[in-house]
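Remarks on the structure that follows.
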Amino acid sequence: MDMDNSNPSRGKSKAVLPRKRPSLNAENINADLAAAKSIIDMISEEGSSKILDLIRSNPESIYSIIDNISLNKTLEKRRKFLCTSNIMKNGTVDADFEYVGLPQDLQNSSLKKAYDTHLRSLLEKRSDGFAVLFEHLDGHQRPYIVETGCLRVPNNWAGDGQSTFLFDWYARERQGSVFSIDINPASIDSARRACSGTTNTILNDSRPALNALAQNSGRPASLLYLDSFDLDINDPLPSAIHHATEMMAARALIQEGTIICVDDFNVPPLGAGGKGLIVDQFMVSIGAKLLYSGYQKIWKL
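Heads up, the sequence shown is in the UniProt record's numbering, so the first residue is 1 and it goes up one at a time.
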């Protein structure tokens, strides 16, 4: 006779009662929403109600909303307070390699060495042109470099060329100086953050700034690098005229030995001309020595 001493409930699963969900505290939720709406009201001109309605009706609009908020004057004012709160700093200003996407240890390298190991591949269509520029600048003692249109977007090597950072690096090694002119304060801010104290930035239309610089510098430019006023592929003439008038404004900076470079010269699908269409014709007429012709065009007086 088998004896079964087992517990009759053993092996049977017990019913699991559902856990009680914690009750939502409506008061806390309302407080959180009020705080969030208060912040949105502070940092946007449209106001929280309008922004929330827009997000509900069109979730894809979030990026345009972020763009609008980023340009809000309240945010700009707070940022300026934070960035300028300490006016007791002193000492030399160093170039910021990480800001332009370069390894920080490159600051201990020469530009020539870094050019071959890192920069040439980053510069793409401008790589040969910049190599020619620096080769011929080697003939100038304490190079004086004047640029129109400065570094705009950090780490945009293939797009913009990061010219101001390169000129700053070169001049720093050769005890030279750089003056970079741009009419856009955001571009000036980028160049200022990227470069060392060797570079001086000027916020102005390039033509009156070049004229003033020419009247007060007391020496010719080693390099005049023209790269302002964006090129419109469908209507290149306004940009070409602007760069020709820059040459006129900078006439006192240009003497025998000055190197002149125009960026965005041979731009597909437009072909040769670009920003330098009129400057090129003038250079041919005076017999300037052609150093390089490609995406950039370079001459030597």
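Beta carbons: idealized from backbone N, C-alpha and C, even for Gly. None of these values were measured; they are calculated from a predicted model.
### Task
Enumerate in chain order the residues of its own chain whose CB-to-CB distance from R120 is below 7 Å, with the five nearest sequence positions on each side excluded.
Position 120 of the sequence shown, counted from the start, is the residue given in the question as residue 120. Within the same chain, R120 has close Cβ partners S127.
### Task
Note down, in chain order, each residue of its chain lying with its Cβ closer than 8 Å to the Cβ of L210, except the 5 sequence neighbours on either side.
One-based indexing of the sequence shown puts residue 210 at position 210. Hits under 8 Å: V146, T148, I181, E246, A249, A250 and L253.
### Query
Buried or exposed: where does C83 fall if 16 or more other Cβ atoms within 10 Å of its Cβ makes it buried?
The residue labelled residue 83 in the question sits at position 83 within the sequence shown. Exposed is the call here.
### Task
Drop a sphere of 10 angstroms on the beta-carbon of T198, count the other beta-carbons inside from all chains shown, and report buried for 16 or more, exposed for fewer.
On the sequence shown, position 198 is the one that residue 198 refers to. When all chains shown are included, T198 counts as buried.
### Message
Considering Cα atoms alone, identify which of N72, A221 and H242 is closest to E300.
### Response
Here residue 300 refers to the residue found at position 300 of the sequence shown. Looking at the sequence provided, one finds Lys at residue 300 rather than Glu. Ranking the options by Cα distance to K300, first place goes to A221.
### Task
Determine the extent of the alpha helix (DSSP H) in which K73 is found, giving its start and end residues.
To locate residue 73, count along the sequence shown from 1; it is residue 73. K73 to C83 is the extent of the alpha helix (DSSP H) around K73.
### Task
Have a look at Q281 and S64 and give me their C-alpha separation to the nearest angstrom.
As a position in the sequence shown, residue 281 is number 281, starting the count at 1. As a position in the sequence shown, residue 64 is number 64, starting the count at 1. Their Cα atoms are separated by approximately 44 Å.
### Message
Rounding to the nearest angstrom, what Cα-Cα distance links D205 and I183 in this structure?
### Response
Taking the first residue of the sequence shown as 1, we reach residue 205 at position 205. Taking the first residue of the sequence shown as 1, we reach residue 183 at position 183. Approximately 5 Å, taken between the alpha carbons.
### Task
Note down the Cα distance separating H243 from K297, rounded to an integer number of angstroms.
To locate residue 243, count along the sequence shown from 1; it is residue 243. To locate residue 297, count along the sequence shown from 1; it is residue 297. Cα to Cα, H243 sits roughly 13 Å from K297.
### Message
Can you tell me whether I51 is buried or exposed? The criterion is at least 16 other CB atoms within 10 Å of its CB, across all chains shown.
### Response
Numbered from 1 along the sequence shown, position 51 holds the residue referred to as residue 51. Buried, since its Cβ has 16 or more Cβ neighbours within 10 Å.
### Task
May I ask you to verify whether the stretch 221 to 235 touches the stretch 253 to 273, counting CB pairs closer than 8 Å and requiring at least 3?
Judged by pairs of C-beta atoms under 8 Å, the stretch 221 to 235 touches the stretch 253 to 273, as three or more such pairs exist.
### Query
What's the call for Q162, buried or exposed, on a 16-neighbour Cβ count within 10 Å?
Stepping through the sequence shown from its first residue, residue 162 is reached at position 162. It counts as buried.
### Query
With a CB to CB cut of under 6 Å and the five nearest residues on each side skipped, what residues in its chain are close to A191?
Sequence index remark: in the sequence shown, residue 191 carries index 191 (1-based). Cβ neighbours of A191 beyond the five flanking positions: C150, L151, T164, S180 and T201.
### Task
Measure how close the beta-carbons of Y295 and K125 come, nearest whole angstrom, since I'm counting them as under 8 Å.
In the sequence shown, the residue the question calls residue 295 occupies position 295. In the sequence shown, the residue the question calls residue 125 occupies position 125. Y295 to K125, Cβ: 4 Å. Contact.
### Query
Does the Cβ of F81 have 16 or more other Cβ atoms within 10 Å, making it buried, or fewer, making it exposed?
The residue labelled residue 81 in the question sits at position 81 within the sequence shown. With fewer than 16 other Cβ atoms inside 10 Å of its own Cβ, F81 counts as exposed.
### C-alpha gap between R10 and N25, whole angstroms
In the sequence shown, the residue the question calls residue 10 occupies position 10. In the sequence shown, the residue the question calls residue 25 occupies position 25. Note that R10 scores a pLDDT of 49, beneath 50, so its modelled location is shaky and nothing firm can be said.
### Query
If you measure from the CB of P269, is any heavy atom of the ligand SAH nearer than 6 Å?
In the structure shown, the ligand SAH is absent, as is every other ligand, since no ligand is present at all.
### Query
Rounded to a whole number of angstroms, what is the C-alpha to C-alpha distance between I62 and I55?
Within the sequence shown, residue 62 is the residue found at index 62, counting from 1. Within the sequence shown, residue 55 is the residue found at index 55, counting from 1. Their Cα atoms are separated by approximately 7 Å.
### Task
Can you have a look at V100 and say buried or exposed, based on whether 16 or more other CB atoms are within 10 angstroms of its CB?
Taking the sequence shown and counting its residues from 1, one reaches residue 100 at position 100. Per the 10 Å Cβ criterion, buried.
### Query
Where does E45 fall in DSSP's three states?
On the sequence shown, position 45 is the one that residue 45 refers to. Of the three classes helix, strand and coil, the one that applies to E45 here is coil, per DSSP.
### Query
Just checking my contact of residue 310 with S196 at CB under 8 Å: how many whole Å lie between their CB atoms?
Because the chain in this structure spans residues 1 to 301, residue 310 falls outside the shown range and cannot be described.
### Query
Between V267 and K89, what straight-line distance do the alpha-carbon atoms span, to the nearest angstrom?
Residue numbering aside, residue 267 sits at position 267 when the sequence shown is read from its first letter. Residue numbering aside, residue 89 sits at position 89 when the sequence shown is read from its first letter. Approximately 44 Å between the Cα atoms of the pair.
### Message
Give me, in chain order, the residues of the same chain whose beta-carbon lies closer than 6 Å to that of A158; leave out the 5 immediate sequence neighbours on both sides.
### Response
Residue 158 sits at position 158 when you count from the first residue of the sequence shown. Scanning its chain for C-beta atoms nearer than 6 Å, with the 5 sequence neighbours on each side dropped, one finds around A158 the residues E124, in chain order.
### Query
Who does F179 pair with in a DSSP beta bridge?
In the sequence shown, residue 179 corresponds to position 179, counting from 1. Per DSSP, the beta-bridge partners of F179 are V146 and N200.
### Query
Can you list, in chain order, the stretches of the alpha helix (DSSP H) that have 4 or more residues and sit fully within the stretch 206 to 230?
As far as the stretch 206 to 230 is concerned, its whole alpha helix (DSSP H) runs of at least 4 residues are 206 to 216.
### Query
Assuming I259 and L75 make a contact with CB atoms under 8 Å, what is their CB distance in whole Å?
For this step, residue 259 is matched to residue 259 along the sequence shown. For this step, residue 75 is matched to residue 75 along the sequence shown. Contact annotation, I259 with L75: C-beta distance approximately 42 Å; criterion of less than 8 Å not satisfied.
### Task
Using a threshold of 7 Å, state whether the C-beta atoms of I40 and S48 are closer than that.
By 1-based counting over the sequence shown, the position of residue 40 is 40. By 1-based counting over the sequence shown, the position of residue 48 is 48. If you check the CB distance, I40 and S48 come in under 7 Å.
### Task
Note down, in chain order, each residue of its chain lying with its Cβ closer than 7 Å to the Cβ of E45, except the 5 sequence neighbours on either side.
For the purposes of this step, residue 45 is taken as residue 45 along the sequence shown, with counting starting at 1. Same-chain partners within the cutoff: N72.
### Message
Please report whether the beta-carbon of K112 lies at a distance below 7 Å from any beta-carbon of chain B.
### Response
Annotation note: the requested chain B is absent from the structure, which comprises a single protein chain.
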